[in-house]
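Step one of this worksheet: look at the structure below.
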Amino acid sequence: MQYRLAPLFCRPWALNGITPRLIESHYETNYGGAVRQLNLLTEELEALDPSTVPAESVSRLKRDQSAALNSTLLHELYFASLGGDGRAVPEAMAAALTRDFGSVDRWRREFMALAEALAGGSGWVLLTWVPRDGRLINQSAVDHGQSIAGGIPILALDMYEHAYHIDFGSNAKAYVAAFMRNIAWSEVQGRYEDAVKVAPPRPLEQKEFADVPAISVEDVQAMIDNGTPVQIIDARPRHYTTRSHEIMEGAVWRDPERLDEWIGEISKQQPVVTYCVYGFHIGCQTAIALRKAGYDARYMAGGHYAWKAAGGKVRLLEE
Ligand SMILES: [Fe+2]
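Residue numbers (my numbering): 122 to 440.
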């Protein structure tokens, strides 16, 4: 495929304290250079036969291609981030920044700190929407890498020296301040509105257990931490517990096959959390059986391994 150049988004003559000469050189040399390199690398990759060319060569070309593609995309976002009055943050955008950073001012201070830390280096500072978590974060991306997977950057500040030395010499601080004065917030907000429409990654769905209430490992941890009384039952099948000698701290193991024998030991006055190895079947079935018998039972999503993956404490399982 051939990557096409995007026309310059901002109007260079309208910028405050940033000269057209700087924007022209940046657009032509650095952005244009990235697109041209991206096309050369893409052409080279398309022409080679991955089964005969050494794997390291393919890998090196792909790495360079990713860097050129990110440079292309981020430069386009950078030029589209300029051209406004950086001080006037529209209401919806201000509300989003306040929700995720505490205040617009706190967002600004963090964003500028990341930029100033890149002075003399090379990289990007990005305001990025993360669909998985439904929130905005600031990030710095050293060189052209480290973009958050699945993230949608909506504001980009180029901290490569080529982005400022013509106007500001080595005074990166003055450049960052000028950038902040020129942010096109209405454009940023437009991209924010588009980004929030992107669906988060699909969560695990267990249609057959859709009606069984689940609880996350984080919420179980919070119950333990704040002293909420809870009865935690490890209902991993016997053959698993003989293989793994660990059990979640605070849990008791009960054989799911012999529920009738132990159900009378649990209190109906306190909530019950039950889980199995990964959270697929046994934990859910145990929760169903307990609920049918009148207990306030939920299954812990992700089971024993989610608990461990979240850094939850375990103890030795002694029988
Ligand atoms: Fe650049």
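C-beta: ideal position from N, C-alpha, C; glycine also.
beta-carbon residue i near ligand 1 non-hydrogen atom, thresh 7 Å
i	result
ASP288	no
ASN151	yes
HIS283	yes
HIS265	no
ASP332	no
HIS147	yes
HIS425	no
ASP417	no
ASP279	yes
HIS463	In the structure as shown, the chain begins at 122 and stops at 440. Residue 463 is therefore absent and cannot be evaluated.
Rounded C-alpha distance that separates residue i from residue j
i	j	result
LEU169	ARG184	15 Å
VAL394	SER337	10 Å
LEU276	GLY433	37 Å
GLY223	ALA216	10 Å
ALA305	THR249	16 Å
TYR396	PHE232	42 Å
ALA316	GLY207	21 Å
LEU278	ARG253	24 Å
TYR281	ALA209	26 Å
ASP346	PRO377	27 Å
ILE403	GLY271	33 Å
VAL373	VAL263	48 Å
LEU438	ALA431	19 Å
ARG157	THR150	10 Å
LEU218	ARG227	9 Å
ALA299	GLY241	17 Å
MET344	PRO392	11 Å
LEU203	CYS131	6 Å
GLU164	TRP428	47 Å
ALA188	ALA155	9 Å
LEU239	SER261	8 Å
HIS425	LEU190	41 Å
LYS328	GLY311	36 Å
ARG412	SER243	58 Å
CYS405	TYR361	17 Å
GLY385	PRO358	19 Å
ARG256	SER307	19 Å
HIS265	VAL398	40 Å
PRO324	ARG229	33 Å
THR63	TYR420	Summary: the structure shown does not reach residue 63, with the chain confined to residues 122 through 440, and so no result is reported for it.
TYR285	GLY153	17 Å
ALA408	SER388	14 Å
PHE289	ALA176	43 Å
TRP134	THR140	7 Å
SER192	GLU339	38 Å
THR363	GLN390	31 Å
ALA246	ALA422	Looking at the sequence itself, residue 246 is Val, so the reference to Ala does not match. C-alpha separation (whole angstroms): 36 Å.
PRO382	ARG375	Reading the sequence as shown, one finds Glu at residue 382 and not Pro. So the two alpha carbons sit approximately 9 Å from each other.
SER146	SER172	41 Å
GLU197	TYR313	16 Å
PRO322	ILE258	17 Å
GLY138	GLY400	58 Å
ARG436	PHE330	29 Å
Chain C contact for residue i (CB, 8 Å cutoff)
i	result
LEU239	Among the chains in the structure shown there is no chain C, since it carries only a single protein chain.
N- and C-terminal bounds of the beta strand (DSSP E) containing residue i
i	result
ASP279	273–279
GLN260	256–263
Endpoints, alpha helix (DSSP H) assigned at residue i
i	result
SER187	176–202
SER388	Counting along the chain, SER388 falls outside any alpha helix (DSSP H), and DSSP gives it neither H nor E.
THR163	153–168
PHE401	Segment: none, PHE401 is in no alpha helix (DSSP H) and carries neither H nor E.
SER146	141–146
ILE287	286–289
- Where are the alpha helix (DSSP H) runs, 4 residues long or more, that stay fully inside the stretch 303–384, in chain order? 306–316, 338–346, 359–364 and 380–383
- beta strand (DSSP E) runs wholly inside the stretch 404–434, at least 3 long, in chain order: 418–421
- Quick one: complete alpha helix (DSSP H) runs, 4+ long, within the stretch 214–246? 225–238
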